[in-house]
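Reading through the structure tokens given below for one structure.
What follows is the structure, encoded as structure tokens:
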């Protein structure tokens with residue numbers, strides 16, 4: 036049996052003598068060992084290579100190569116070994132996909148023809164390492180296994196899915212887009228389906244892993260970083276082809292959030308290179324509104340944000356393909372605007388002459404301005420907003436100060452017309468304040484219990500973008516409350532709600548386990564108390580005294596509980612607003628009443644919507 040001689044080991048272990056990455060050193064070492072495994076490529080003598088790998092697998096003993104590194108614990112060495120092994124596998128996969136695209140009949144006829152139709156030439160395809168995964172169920176998996184790569188790392192990287200029926204490729208019958216980190220390492224893949232399988236998602240990404248965290252990754256950052264620094268600006272788009280098309284037109288300082296909502300980690304990655312960001316939106320009003328939160332995140336991180344809105348029906352890919360590089364650059368320069376102008380144009384048309392809606396728009400803008408950390412920048416935006424919306428600067432300054440100091444958690448609302456309808460001279464006796472003890476506590480305990488026990492359970496099946504979509508119990512509760520900006524009264528339960536909102540879409544998240552072992556002893560104690568109680572469904576929910584098994588009636592019961600909770604909350608919020616208005620009137624602080632008037636109007640609008648949903652009756 037052929038053996039692998041670990042000669043030149045010092046070169047692998049001492050980076051001060053060899054400036055290549057550990058992965059590159061290992062690749063080079065393996066290639067010089069005559070195994071033909073440089074970047075995963077098999078030799079013609081596959082049997083000989085496989086024999087040698089019996090004693091030294093490509094991904095098996097990476098730790099042996101790295102273990103002498105000084106100052107590393109055994110756990111750290113193991114983690115580093117895992118990451119390096121996974122990176123070796125992803126490099127092999129990239130080469131496999133490229134080879135399939137360029138050198139097989141299926142790859143050429145399906146994958147390559149599609150990319151050519153999208154306007155991509157061979158140079159661009161090679162630059163971004165685009166590839167193709169064959170329709171065969173396990174083409175990549177079997178190729179990798181036969182070349183000595185371990186199943187463990189194929190599964191951990193998400194390239195292979197393991198089921199009761201065996202192993203199969205995650206990206207079968209898809210054009211492949213390798214995802215690189217800022218250093219150029221391939222950490223994941225995205226795949227666009229090429230078949231007419233309506234049950235499968237159009238685009239599919241690698242799952243989260245030790246080397247890939249979607250929230251910390253920007254597609255194209257490796258190719259864009261130099262240009263971002265040179266031009267002192269980053270263009271942010273949505274998809275893979277958007278990035279690639281812009282690069283082809285010479286706008287190489289372009290990255291994408293890869294179809295996910297923009298995250299703090301992604302923004303900070305950009306901030307390392309430039310403080311200036313231009314977000315390019317498709318000509319789709321509905322999609323834009325859903326993405327507006329990204330602007331606030333960018334502002335909060337202290338970056339200078341500008342916005343470009345493309346014509347209706349266009350996205351960055353289609354728009355750039357139909358224009359020359361100069362035409363594309365000119366359009367961006369001519370249509371680039373600050374976020375105030377953008378939000379105003381986008382939302383003011385809907386407000387019309389309605390003073391309440393106009394006040395809501397001003398509120399939205401002011402909330403965004405309040406997030407800006409720099410005082411001078413805030414002042415400039417305040418002045419511009421006051422001019423455009425015909426509002427006194429002093430009012431805006433007061434309300435922003437209120438928001439930033441936390442005196443008004445609901446944020447400020449502004450409208451002159453409503454304001455002048457108030458008569459502060461009229462004194463009224465405020466009603467007795469409602470006790471804030473145990474407000475909606477029963478409902479809130481039930482909702483949290485359902486999040487913990489049944490959060491990942493399917494509540495019902497929906498259809499999104501023409502594909503079946505499973506709505507979980509946790510997703511239903513969280514999104515129903517978020518729709519009306521409702522947070523739980525009970526402080527401890529509210530903290531659980533907030534953290535659940537952050538983690539519930541994360542793969543492998545088990546609510547009961549996560550919160551039971553929470554580092555905050557108050558949260559873990561609250562959760563333990565909730566889970567230890569043998570709850571039965573009372574007649575308050577079921578209409579009779581018969582105890583039912585909760586999970587069997589969730590689809591019928593949960594909407595009723597949520598709607599009931601909303602109604603109770605609205606009643607409490609209405610009393611709170613009435614009390615505050617009367618208190619401020621009696622104390623002569625009429626200038627502070629307006630936010631509460633607007634808040635009450637918002638409450639009434641939510642109540643009307645809920646009553647309509649319930650047949651205009653409500654739940655008693």
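Numbering (the numbering used here), first residue to last: 36 to 655. Where a beta carbon is used, it is the ideal one built from N, C-alpha and C, also for glycine. Keep in mind that this is a model prediction, so the values were computed, not measured.
Between which two residues does the alpha helix (DSSP H) carrying residue 398 extend?
390-405
Quiz item: Going by alpha carbons, who is nearest to residue 126 out of 196, 214 and 245?
Solution: 214
Where does residue 286 sit, in a helix, a strand or coil, going by DSSP? coil
Label residue 408 either buried or exposed according to how many other C-beta atoms from any shown protein chain fall within 10 Å of its C-beta, with 16 as the threshold for buried. exposed
By DSSP, does residue 337 sit in helix, in strand, or in coil?
coil
Original post:
What is the C-beta distance between residue 372 and residue 341, in whole angstroms, given that I count them as a contact (C-beta under 8 Å)?
Top reply: 6 Å
Mind listing, in chain order, the continuous alpha helix (DSSP H) runs of no fewer than 4 residues lying wholly within the stretch 593-653? 629-648
So, with DSSP's three-state summary, where would you put residue 204?
strand
Q | Alpha-carbon spacing of residue 626 relative to residue 616, whole angstroms | A | 11 Å
Give the straight-line distance between the Cα atoms of residue 316 and residue 333, rounded to the nearest whole angstrom.
15 Å
Cα-Cα separation between residue 224 and residue 241, rounded to whole angstroms: 6 Å
Let me confirm a value: residue 281 is counted as buried when at least 16 other C-beta atoms fall within 10 Å, else exposed. Which label applies? buried
Neighbourhood of residue 306 by C-beta distance below 8 Å, restricted to the same chain and skipping five residues each side | 336, 337 and 338
**Prompt:** Using DSSP with H/G/I as helix, E/B as strand and the rest coil, what is residue 347?
**Reply:** strand
Original post:
If we count the other Cβ atoms within 10 Å of its Cβ and call it buried at 16 or more, is residue 260 buried or exposed?
Top reply: buried
Legend entry - Whole-number beta carbon distance between residue 645 and residue 598, since they are thought to touch under 8 Å: 7 Å
_Using the three-state DSSP reduction, which class does residue 145 fall into: helix, strand or coil?_
helix
Do you know offhand how far residue 415's Cα is from residue 632's? 28 Å
> Whose C-alpha, out of 130, 378, 265 and 228, is nearest the C-alpha of residue 182?
Replying inline: 130
Opposite residue 315 in the DSSP bridges: which residues?
343
request  = To the nearest angstrom, report how far apart residue 539 and residue 393 are at their CA atoms.
outcome  = 34 Å
(request) May I ask you to verify whether the stretch 145-160 touches the stretch 239-257, counting CB pairs closer than 8 Å and requiring at least 3? (result) no
Here's the rule: buried if 16 or more other CB atoms are within 10 angstroms of the residue's CB, otherwise exposed. What is residue 666? Residue 666 is absent from the structure shown; the chain starts at 36 and stops at 655.
Q) Exposed or buried, residue 504, counting other C-beta atoms within 10 Å across all chains shown (16 or more means buried)? A) exposed
Apart from the five residues just before and just after residue 58, which ones in its own chain have a Cβ nearer than 8 Å to its Cβ?
-> Low confidence applies to residue 58: its pLDDT is 44, below 50, so where it sits in the model is not reliable, and the reading given next is rough at best. Only 119, 122, 123, 126 and 220 meet the Cβ criterion.
Review point. Given a threshold of 16 other Cβ atoms within 10 Å of its Cβ, counted over all protein chains shown, does residue 418 qualify as buried or as exposed?
Key: exposed
| request: Report the rounded CA-to-CA distance for residue 96 versus residue 185, giving the unit in angstroms. | output: Note that residue 96 scores a pLDDT of 40, beneath 50, so its modelled location is shaky; the value from the coordinates is reported in the next line. Using only the alpha carbons, I get a separation of about 11 Å.
Contact under 7 Å by Cβ, residue 291 with residue 318: no
- Mark residue 526 as exposed unless 16 or more other C-beta atoms lie within 10 angstroms of its C-beta, in which case mark it buried. exposed
Using the Cβ count rule (16 or more neighbours within 10 Å means buried), how would you classify residue 623?
exposed
Assign residue 429 to one of two classes, buried (16 or more other C-beta atoms within 10 Å of its C-beta) or exposed (fewer than that). exposed
Look up residue 221 in the DSSP assignment and give the residues it is bridged to. 215
Please list the terminal residues of the continuous beta strand (DSSP E) segment that includes residue 506.
502-507
Starting from residue 426, trace the beta strand (DSSP E) both ways and give me its first and last residue. Here residue 426 belongs to no beta strand (DSSP E), and DSSP marks it neither H nor E.
### Simplified DSSP assignment, three categories, for residue 228
strand
Residue 278 versus residue 351: straight-line alpha-carbon distance, rounded: 8 Å
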